[in-house]
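Below is one structure, written out as structure tokens, with a few remarks after it.
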Amino acid sequence: KNHLYIFQIDKTIGTTDFEIEIYARSKEHFKETMQELQDKFNTSLKNYTYFTLGKTYKETFFPA
């Protein structure tokens with residue numbers, strides 16, 4: 644639950660079980676963070692996909 648670089652965890656509807664937001668300093672740092680999660684949750688975390696954002700200008704959240 645408490646990880647310095649994980650900003651948010653969301654349950655999802657559809658093909659994935661959840662989404663996480665990771666703020667990483669670099670691609671290598673992202674890989675290290677994901678390896679740490681895979682080591683910790685090796686029986687639960689089967690695979691993952693990711694995408695990167697270079698810069699966020701504005702976020703708008705809608706109530707659930």
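Under our numbering, residues 644 to 707 are what the sequence shown spells out, in order. From the three backbone atoms N, C-alpha and C, an ideal C-beta is built for every residue, glycine too. Since we're looking at a predicted model, the values are computed, not measured.
- For residue 684 and residue 690, the gap between their C-alpha atoms comes out near 11 Å.
- Here residue 698 carries a coil assignment [DSSP, helix/strand/coil].
- Of all alpha-carbon atoms in 696, 645, 659, the one lying nearest the alpha-carbon of residue 687 is that of 659.
- Counting only runs that start and end inside the stretch 657 to 699, the alpha helix (DSSP H) elements of at least 4 residues fall at 670 to 683.
- Pairing residue 692 with residue 649 gives a Cβ-Cβ distance that is not under 9 Å.
- Secondary structure at residue 650: strand, using DSSP grouped into helix, strand and coil.
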